[in-house]
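Trainee: Below are the structure tokens for one structure; questions will follow.
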């Protein structure tokens, strides 16, 4: 089966959270810690990288936007301090335009907004740019507040290089994919999530399988039909699916961003939600996704 989404990624096993794309200031895990100091967080991995991770160490959530000039001052400083900390706390970067539900959950009124999470709960927050001395004091206060209350970062043991055994649940799901049984694969990934709601790998896999299942039922002439009816929201959504599946993500993203720019209310929300879902089928560092996010921000603001 071919299409816009590379399902081979489902066969990769990650025993620790992947580092965020290098273009966003992330780095490999710090020495002596199994944690990457900076991670790119989306609605897909928020629970695993923020709520679950905060049971180990404080997670500092940086809510930013590409158009925000103060963010361009604050984010690099936070990244610098996160790298210095060596995994004793994690910086979680959230693009609010690409992840509106996270912004809504935090009640973001302006960016930058920074929130410290510990044990799954907000601990402290601030808005706007802060000088480095004040940031260091703020982080020190957080460290003091959580001292002895969290499990701490995982350490790199002597057998850290040993491969993790295959999870039989994923093996079964991938076997269904290999056989073209999308319904069976969806059910298998859903069973994993029923047991582990925070399993980010299963969340991503399920999202991809559902996209493939959805696009199978779309008429290949959907693009022409949508071009003939620019105000038909259902037609535009179907056409974007076909374009993405046909290896034309730029066209799919541009189509939906155009609909967002000329729509309002529930229609706009519906199309924006679908666009975010399509973004999540790709690595956040993919140039086509980053370019589309910038265009989306311009359309919204």
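In the numbering used here, the protein residues as written are 3 to 303. The beta-carbon is built from N, C-alpha and C at its ideal position, and this holds for glycine as well. No experiment lies behind these values; they were computed from the predicted model shown.
1. Per DSSP, which residues does residue 128 bridge with? Please list them.
2. Within a Cβ cutoff of 8 Å, which residues of the same chain sit near residue 57, ignoring the five residues on either side of it in sequence?
3. My assumption, with CB atoms under 8 Å, is that residue 295 sits in contact with residue 97. Please give the rounded CB distance.
4. Pull up the DSSP beta-bridge partners for residue 42, would you.
5. Closer than 6 Å by C-beta to residue 227: which residues in its own chain qualify, once you throw out the five before and the five after it? Chain order, please.
6. Taking 6 Å as the limit between beta carbons, can you name the residues of its chain near residue 231, skipping five residues before and five after?
7. Residue 92 and residue 84: beta carbons closer than 8 Å?
8. Starting from residue 61, trace the beta strand (DSSP E) both ways and give me its first and last residue.
9. With distances taken from CA atoms, which of 95, 88, 90 is nearest residue 78?
10. With a CB to CB cut of under 7 Å and the five nearest residues on each side skipped, what residues in its chain are close to residue 25?
11. Can you tell me which of the three DSSP states residue 192 falls into?
12. Residues in its own chain within less than 6 Å of residue 47 by CB, not counting five upstream and five downstream?
13. Looking at residue 220: is its Cβ nearer than 8 Å to the Cβ of residue 240?
14. What separation, rounded to the nearest whole angstrom, lies between the Cα atoms of residue 260 and residue 104?
15. From what residue to what residue does the alpha helix (DSSP H) around residue 208 run?
16. Take residue 111 and list the residues in its own chain whose beta-carbon comes closer than 6 Å to its own, dropping the five residues that flank it on each side.
17. Using the DSSP secondary-structure output, state which residues sit across from residue 123 in a beta bridge.
18. Output needed for residue 193: all residues of its chain with C-beta closer than 8 Å, excluding positions within five of it in sequence on either side, in chain order.
19. Hey, how far is the Cα of residue 113 from the Cα of residue 80?
20. Please state whether the Cβ-Cβ distance between residue 246 and residue 254 is less than 8 Å.
21. Apart from the five residues on each side of it in sequence, which residues of its chain come closer than 7 Å, Cβ to Cβ, to residue 270?
22. Does the distance from the C-beta atom of residue 174 to that of residue 185 stay below 8 Å?
23. Which term fits residue 197, buried or exposed, when burial requires 16 or more other beta carbons within 10 angstroms of its beta carbon?
24. Consult DSSP for residue 69 and reduce its assignment to one of helix, strand or coil.
25. Are residue 242 and residue 302 close, meaning C-beta to C-beta below 8 Å?
26. Under 8 Å between the Cβ atoms of residue 60 and residue 119?
27. Please report the distance separating the alpha-carbon of residue 284 from that of residue 291.
Mentor: Per the coordinate set shown:
1. Within the chain shown, the letter at position 126 stands for residue 128. Answer is 116.
2. If you number the chain shown from 1, residue 57 lands on position 55. If we look at residue 57 and ignore the five residues flanking it on each side, its Cβ neighbours are 121, 122, 152, 153.
3. Position 293 of the chain shown, counted from the start, is the residue given in the question as residue 295. Position 95 of the chain shown, counted from the start, is the residue given in the question as residue 97. 7 Å between Cβ atoms; contact.
4. Taking the chain shown and counting its residues from 1, the one referred to as residue 42 is at position 40. Partner(s): 95.
5. The residue labelled residue 227 in the question sits at position 225 within the chain shown. Here the set comprises 237.
6. Counting from 1 along the chain shown, the entry for residue 231 is found at position 229. So the list reads 237, once near-sequence residues are dropped.
7. Locating residue 92 in the chain shown gives position 90, where the first residue counts as 1. Locating residue 84 in the chain shown gives position 82, where the first residue counts as 1. Against a cut-off of 8 Å, the Cβ pair of residue 84 and residue 92 comes out as a contact.
8. On the chain shown, residue 61 is found 59 positions in, with the first residue counted as 1. Counting along the chain, the beta strand (DSSP E) containing residue 61 begins and ends at 61–66.
9. Here the question's residue 78 lines up with position 76 in the chain shown. Of 95, 88, 90, the residue nearest in Cα terms is 95.
10. In the chain shown, the residue the question calls residue 25 occupies position 23. No answer about residue 25 holds up, because its pLDDT of 35 lies below 50 and its placement is not dependable.
11. What you label residue 192 is simply residue 190 of the chain shown in a count that begins at 1. Three-state result, residue 192: helix.
12. Against the chain shown, residue 47 aligns to sequence position 45. 202.
13. Numbered from its first residue, the chain shown carries residue 220 at position 218. Numbered from its first residue, the chain shown carries residue 240 at position 238. The answer is yes: Cβ separation under 8 Å.
14. Indexing the chain shown from 1 puts residue 260 at position 258. Indexing the chain shown from 1 puts residue 104 at position 102. Distance between the alpha carbons of residue 260 and residue 104 is about 24 Å.
15. By 1-based counting over the chain shown, the position of residue 208 is 206. Start and end: 202–218.
16. Stepping through the chain shown from its first residue, residue 111 is reached at position 109. Correct list: empty, nothing qualifies.
17. Translated into the one-based positions of the chain shown, residue 123 becomes position 121. For residue 123, which the question treats as bridged, DSSP gives the partners 120.
18. On the chain shown, residue 193 is found 191 positions in, with the first residue counted as 1. So the qualifying residues of the chain are 171.
19. For the purposes of this step, residue 113 is identified with residue 111 of the chain shown, where counting begins at 1. For the purposes of this step, residue 80 is identified with residue 78 of the chain shown, where counting begins at 1. Going from the Cα of residue 113 to the Cα of residue 80 covers about 14 Å.
20. In the chain shown, the residue the question calls residue 246 occupies position 244. In the chain shown, the residue the question calls residue 254 occupies position 252. Their beta carbons are under 8 Å apart, which means residue 246 touches residue 254 by this criterion.
21. Locating residue 270 in the chain shown gives position 268, counting from the first residue. Only 262 meet the Cβ criterion.
22. In the chain shown, the residue the question calls residue 174 occupies position 172. In the chain shown, the residue the question calls residue 185 occupies position 183. It is not a contact, given that the beta carbons lie outside the stated cut-off.
23. In the chain shown, counting from the first residue as 1, residue 197 sits at position 195. When all chains shown are included, residue 197 counts as exposed.
24. Residue 69 sits at position 67 when you count from the first residue of the chain shown. Coil at residue 69, not helix or strand.
25. In the chain shown, the residue the question calls residue 242 occupies position 240. In the chain shown, the residue the question calls residue 302 occupies position 300. For residue 242 and residue 302, no; Cβs fall outside 8 Å.
26. Start at 1 with the first residue of the chain shown, and residue 60 comes out as number 58. Start at 1 with the first residue of the chain shown, and residue 119 comes out as number 117. Yes, the pair counts as a contact, with Cβ atoms nearer than the cut-off.
27. The count along the chain shown starts at 1 and reaches residue 284 at position 282. The count along the chain shown starts at 1 and reaches residue 291 at position 289. The alpha-carbon atoms of residue 284 and residue 291 are separated by roughly 7 Å.
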